[in-house]
Every structure is written in C-alpha cells, then in structure tokens.
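Visitor: Numbering of the sequence shown is given in our numbering, commencing with residue 504 and proceeding in unit increments.
Every residue, glycine too, gets a C-beta built ideally from N, C-alpha and C.
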Amino acid sequence: MKSIKSFFNWLTKTKLGFFIIVLTLFWLKTYWVYLNKFNLGAVGPMQNFLLLINPIPAGMLLLGIGLFFKGRKSYWIVMIIDFLLSLWLFANILYYREFSNFLSFSIMKTSGSTSDNLGKSIAGITQASDFLAFLDVAIIIALLIFKVIRIDIRPLKLRVNLMIETLALTLMGINLLMAQEDRSGLLTRTFDNNYIVKYLGMNEYAVYDGFKTAQTSAQMAKANVSDINSVQKYLKANYVKPNPEYTGVAKGKNVLVIHLESFQQFLIGYKWKGKEVTPNLNKIYHAKDTISFDNFFNQVGQGKTSDAEMMLENSLYGLQSGSAMSSYGTSNTFQSAPAILHQQAGYTTAVMHGGAGSFWNRNNAYKSFGYQYFMPLSFYENKPDYYIGYGIKDKLFFNQSIKYIERLPQPFYLKMITVTNHYPYDIDKKNQTISKTNTGDETVDGYVQTAHYLDQAIGQLMSWMKKTGLDKNTLIMFYGDHYGISGNHHKASAELLKKDSFNDFDNLNFQRVPLMFHMKGLKGKIDHTYGGEIDVLPTLLNLLGIKDNDTIQFGHDLLSKNAPQIVAQRNGDFITPEYAKVTGNYYYTKTGKKITHPNKRLKEKLLTLSNQVTTQLSLSDRVIDGNLLRFYQPKWFTKVKPSDYNYNKDESLKTLYSKDNKTSLWYKNHKKTTQSKFKTDAPELEK
Ligand code: GP9
Ligand code: MN
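#1: Based on Cα-Cα distance, which residue from K898, G825 and G544 lies nearest to T953?
#2: With a 10 Å radius around its C-beta and 16 neighbouring C-beta atoms as the bar for buried, classify E1189 as buried or exposed.
#3: Using a threshold of 9 Å, state whether the C-beta atoms of T1054 and F1134 are closer than that.
#4: Would the region 818 to 836 and the region 703 to 723 be scored as touching if the rule is three or more Cβ pairs under 8 Å?
#5: Please confirm whether I930 and T923 have their CB atoms less than 9 Å apart.
#6: Please work out which residues of its chain come closer than 6 Å, Cβ to Cβ, to V640, disregarding the five sequence neighbours upstream and downstream, and give them in chain order.
#7: Any contact of the region 1005 to 1012 with the region 780 to 794, i.e. 3+ C-beta pairs under 8 Å?
#8: Does the region 650 to 667 touch the region 570 to 581, meaning 3 or more C-beta pairs lie closer than 8 Å?
#9: Between the region 1154 to 1173 and the region 859 to 871, do at least 3 Cβ pairs fall closer than 8 Å?
#10: Indicate the three-state DSSP secondary structure (helix, strand or coil) for F769 in the structure shown.
#11: Assuming M919 and S938 form a contact by the criterion Cβ under 8 Å, report the distance between their Cβ atoms to the nearest whole angstrom.
#12: Considering V1039, what are the terminal residues of the alpha helix (DSSP H) in which it resides?
#13: Roughly how many angstroms lie between the CA atoms of T617 and K1144, to the nearest whole one?
#14: If I'm right that A840 touches E816 with Cβ under 8 Å, what's the distance once you round it to whole angstroms?
#15: With a threshold of 16 other CB atoms inside 10 Å of the CB of S829, please say whether the residue is buried or exposed.
#16: So, at 7 Å on beta carbons, what are the nonlocal neighbours of Y537 in its own chain, with the 5 sequence-adjacent residues on each side left out?
#17: Could you tell me whether the Cβ atoms of D1007 and N1074 are closer together than 9 Å?
#18: If you run the structure through DSSP and keep just helix, strand and coil, what is W1202?
#19: Assuming S765 contacts Y986 (C-beta within less than 8 Å), just tell me the rounded distance between them.
#20: If you count every other CB in all the chains shown that lies within 10 Å of the CB of L819, and 16 or more means buried, which is it?
#21: Using the Cβ count rule (16 or more neighbours within 10 Å means buried), how would you classify V728?
#22: In this structure, how does DSSP classify D619 when only helix, strand and coil are distinguished?
#23: According to DSSP, which residues form a beta bridge with N757?
#24: Please write down, chain order preserved, every residue whose beta carbon lies under 6 Å from a heavy atom of the ligand MN.
#25: Does the ligand GP9 have even one heavy atom less than 8 Å from the beta-carbon of Y890?
#26: Starting from N785 and walking both ways along the alpha helix (DSSP H), at which residues does that stretch end?
#27: Determine the extent of the alpha helix (DSSP H) in which H955 is found, giving its start and end residues.
#28: Round the Cβ separation of H1059 and V743 to the nearest angstrom and send it over; I've been treating them as touching at under 8 Å.
#29: To the nearest angstrom, how far is it from the Cα of G562 to the Cα of L646?
#30: If you reduce the DSSP assignment to three classes, tell me which class A1185 lands in.
#31: Is W863 near the ligand GP9, with its Cβ less than 8 Å from a heavy atom?
#32: Could you check where the beta strand (DSSP E) with T921 kicks off and where it finishes?
#33: Under the three-state reduction of DSSP, which class applies to N461: helix, strand or coil?
#34: Excluding the 5 residues preceding and the 5 following D1003 in the sequence, name in chain order all residues of the same chain whose CB lies nearer than 8 Å to its CB.
#35: Can you tell me whether Q1178 is buried or exposed? The criterion is at least 16 other CB atoms within 10 Å of its CB, across all chains shown.
#36: Would the C-beta of A859 count as close to the ligand GP9, meaning under 8 Å from any of its heavy atoms?
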C-alpha cells in the first residue's frame, strides 16, 4: 500500500513522473483512435502487437523534447507538443473519414484549399467522439489545475534526457525491424499508407511521407522542358503506325477491362486431374470473335498490380523501385486512358475493386488519371465470410457491382480489378471446386483453385452480359497483371509444366500473361506477336479509332505489322521472337539454348537490343520522376484537374443515380435493375 502511494507521489510530483503520465495517456488514446477511427486491418499477433506499441517510440521522442527545458517551461512545452500531436491525430481522423487515407505532404501541397472541399465539409463530417483525440490533453490540464499533478521545477539531468531520446530511437529501430520482418519491402514498395501507420505509427508515417515528398520534389525541380523534347524526339523516331485494318473496329463501344489478378498465360488450356482449370476463359480465348495474344508479357516491377495499371492506363513503365502510382500518382500530371476516352469520345470512366481504396494509392492516382468514379471496398457490402486476402471474393464483387455498372452512362470505360486469385492462393473450403495441385509447394498448390474460382466468377459475369445484351456493344479486354508463381518456385513450376527442369529463361517465359480483346463481330485470331503491357493502350486506342500519334506513350499497336516485338522487363532483361536476355545471359528464344559464344555480328545485335531496352526504360522513368507531362500535352487534350473528382461514396452514388441517364443499361431496361439476371453459385449467398 505504502509503495503504491509513494509511486503515485513520484508520478504526480516529479518531472519524470509527469512525463510518464503524459506518454501513457497519449499512447492509450492513440491506440483507441487506431481501433475506432481508422481501418488499419491488423491481422495476426505480430501486426496487432505492433499496432499496440507503435505510438510509444514517437511519443517518447517528441514529448521528450519538452524535458530539455527548465522549470515550468518544460511542462508547458510538453503540453504544447502533446496538443500538436493530438491536433494532427484529429485532422487525420477527419481526413480519413472522407478519403480512407492519411494526410500527406503531397496532398497538402498539391490540393491547396480548394480541392476535395475538405475545408467546407469539416463541420459536416466531424463526430463528437472525434474530440476524444484531445482527451489526454484535457485530463492533464485538469490534473494540473486541481493540483493533483504538482510542478517539479528541478531540472532533469541531461544524461536522463538523452537516455530517453536514445531509448525512443532504439525502440523505433526495433519496431521497424519487426515490421520489415512481417512485411518485407514495407518502406521501399509503398503498398498502402495504412500499412505504414499500422506497422510504424502515425508520426513515423508523416516523416516517411515528408521524406518521399522532398525526394520527388527535388527530382521534379531538376527537370525542364528540354527533357520532354528529347523524349518526344525518341518517340517520333520510333513511332510505329497502327494497323489500319483494325482502326475503329470497336468505335463507340463500351470498354470493359477485366483485370485478372496474378493470372499467367499457362493457365489457359491447363488441366488438372483431367479438369480444365479455366474453362470460361479458355472458351473466350479460342472464340472466333476474340483477338488473343500468346506472346504477351507482364512487365511489372516492385509495384506489381500498380505497375500493370500504370502501363495500361498510360503506356508508361513502372519504376525501377517502388510503385510509381504510390510515389507519383498524387502529384504528377498524366494523360491517361480515362481522360483520353472521356475527352475524345465522351466515355464515362470508372474503376471497381473489392479491396481497400488506398491500396497502391489508387484513391489519389485515379483522380490524376481522370477517372470519374472509383468504387473500392467501401462501396461493397462486406460480411465476415465475404472477404479473403485483399478484398471481397470475386463472385461477390461482380454480383454487387451490377447495380453500379447498369447505371453508368454509355459508352463507358470500366475497369474491374479482381483479387481472389492473389498470393497466398487461399480460398475457403466451400469455394474449392477443383483439387489443389500436388507439387508439395504450399504457396503454389492453391493457385489452380483460386484461378478456377476467378474463372467461374468471369463465367457468371459473362452470362449476365449476354442476358442483358450488354455484350453486343462492349469490347471486353482481359489481361493478367503479373505472375502468380514467382521465380522462387522453380521446382514446383517445373512440375506444373511437366518439365524436367526450370531455369531463369523458363522463368522469363513464365511471365506471359493473357491479353484478349473480345467483342461480338470482332475478327478474332490467336496472334503471336511479342508484346507487353506497355503496348496495351496504343492497341486499344486503335481499336476504338482514337488517334494517338502525338501522345507520350512508349508502347505500340500490337496488331501493327511493324510491331517492334522487343519486350522489356523492368530490370533490363528482354525477350524478342529470336533472343532473350535474362539476368545478364542471352538465350535463343525458340530453343532456349544459352548463347555462349556469339559472333561479332550477333554480339552487336544483342548489345543494340539491350541498349534499346534500357533507353526506353530510362526515358519513361524520366517522364515520371521529372513529371514531364506538365510540360507537354497534345493540342486536343485538356489538362486533368484531380480536384474535379470526388470519390466519396454518398456523393458519387448521388451523381450516378440522380440522372435518369438515357444511355444507361438500367434506363434501357425500362428503369429496372438487371440484378436478377446475374446468377451466382456463391455459397456465401445461400439462404
Ligand atoms: C490489392 C491488389 C493487390 O488492391 O490489387 O495488388 P498486388 O499485391 O497484386 O500488387
Ligand atoms: Mn496483382
């Protein structure tokens, strides 16, 4: 009893005690805010542990600054720091409510006061409980006023202060190491700001973000108009005329882009235990009205999905490290597919995705791309068994998307991002309708199961398209974003492909992903042209009859007879119909034989190819890291203003539903929903 009393005395009557009270309350309050005001999605003991403790190191470090001051001043300064940290937390609570993301310097810098109408709506979105962000400050002030806490004017020894700060930094380091262990590439790949807060904390996020912003601004400041001139010169010299036979064959049609998550080309036609893994996609692949490519490669880097999106929307490569969409998506100027289609041909543009809107910075980048609508997870009902991995399961995602698709004014350009076929390829028992493969490699064996599930979901969407007649005026484009089985599974990959061995060259071949254009009346074929994700936009624009010779795009029409067929990989490797370069070694594409002693001519040829690839990649990098599109735009293009777009759910849906839009499927269906035409066997929906 006595010792409790003396401890209480120590806490309330010494400076160090005061510091501990402030830090503890700050910690508990922040944790409460994490749990109640943000949606950080901590799963498993490690993430939950880090979420719990991560407010401590930064709190200790920052509040500890106050201890360096003398006398009463020291109390004042601790309190001011505590208040500022609380204010920052409070601002983030409000911002997060609107944008499911944290305040960042680039947002504050680029959006200014007008954008996002945040200022205007602050009163509207504030909830009483948000003020609990200041609860600890209020409590301490009360304790000071009522003299429960007495001010101790004795200065702390400098040694103690320094020890506190060192301890804080050490804890921060340990926190970071543990986070990296759980999620490698946390800071280098920048998946999602939520992750950084979840693992490291709010204030660490602010520092990280500030650092990134400074880095990108420095690169941008170095760039100037002459940089874009050299890019233009290069593109002009390498321009490939699109194939006139295909120009405009899909003019005015809706474009439905189906993003097949982690879907590799080898799955097409693949059978497991006598059963086709992807019967629906196989049928589409071989249909007479599908143009399918069988030498089409993903070209992503660390940015994975986001790199695929960057290439498809802009015909610009992802970056050598990190995700271009995360690092530059908010602040850069783009001339992207949605903006081009909207401006040139009046398309309504939208993205639907059953995952978090903040992942890969989509909720900012899509504004820069000019997407009018973005419907992420928050637009979808998410019951406990709906969600797996990174989002709600594909069948449920499609089923719930009908009510939005049918309301889109036509023609629309709509991208639907599936997610169930994502590493680690886990799917609940009820949804397993094909058996796992038996390579014994756990991360590989589920792949056919989730791919099969994705294929069934596609089948369900396709029959809805047919029943509603939407298939008659829609060009559907399917693409696989990147590999599903990484280069760390050579043995299992060999088994899947029924090969004796699997080397780096095989792994390059394994980077093939599907690309299919499917449309009623399209003259289909299986096209063997070598190409990659960088080429999709020019190919699509030609099919839609949109002129595209004055844009900054690094790809070419894949249907062109003169397509260069040099497919770059993000690390400088490449493949052409004749030669391939993999991790510094050259191979003959046809035979897979290593080129060990090239003659002089071949040597030169390979070097030229290699240089072409690196030139292209580095010029594209310059466009992104120098934000060069701010210096140039085609005459017909109007600059996209991100602040014109608002992805707030209520407001988006108000716009979508308010207009009796005569061109929407819903209107054409006598203002009735077509929902009942979507049939699904999703077990989650069984009564
Ligand atoms: C999540 C998803 C996954 O929203 O698109 O991205 P990935 O991990 O495949 O890059
Ligand atoms: Mn992906």
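Guide: Put simply:
#1: K898
#2: exposed
#3: no
#4: yes
#5: yes
#6: Here the set comprises D585, F586 and S589.
#7: no
#8: yes
#9: In short, these stretches do not touch, since the Cβ pair count stays below three.
#10: helix
#11: Not a contact, Cβ separation roughly 28 Å.
#12: V1039 to L1046
#13: Low confidence applies to T617: its pLDDT is 38, below 50, so where it sits in the model is not reliable enough to give any reading.
#14: So it is a contact: roughly 5 Å between Cβ atoms.
#15: buried
#16: L543 and L554
#17: no
#18: Absent from the model: residue 1202. The displayed extent of the chain is 504 to 1190, so no value can be given.
#19: 7 Å
#20: buried
#21: exposed
#22: Reliability of the predicted coordinates at D619 is poor, the pLDDT of 46 falling under 50, and no value is obtained from them.
#23: T977
#24: E764, S765, K807, T808, D984 and H985
#25: no
#26: P782 to H789
#27: The continuous alpha helix (DSSP H) containing H955 extends over residues Y950 to T971.
#28: 4 Å
#29: Rounded to the nearest angstrom, the gap between the Cα atoms of G562 and L646 is 20 Å.
#30: coil
#31: yes
#32: Careful: T921 lies outside any beta strand (DSSP E) and carries neither H nor E.
#33: An answer regarding residue 461 cannot be provided, because it is not within the stretch 504 to 1190 covered by the chain.
#34: A997
#35: exposed
#36: yes
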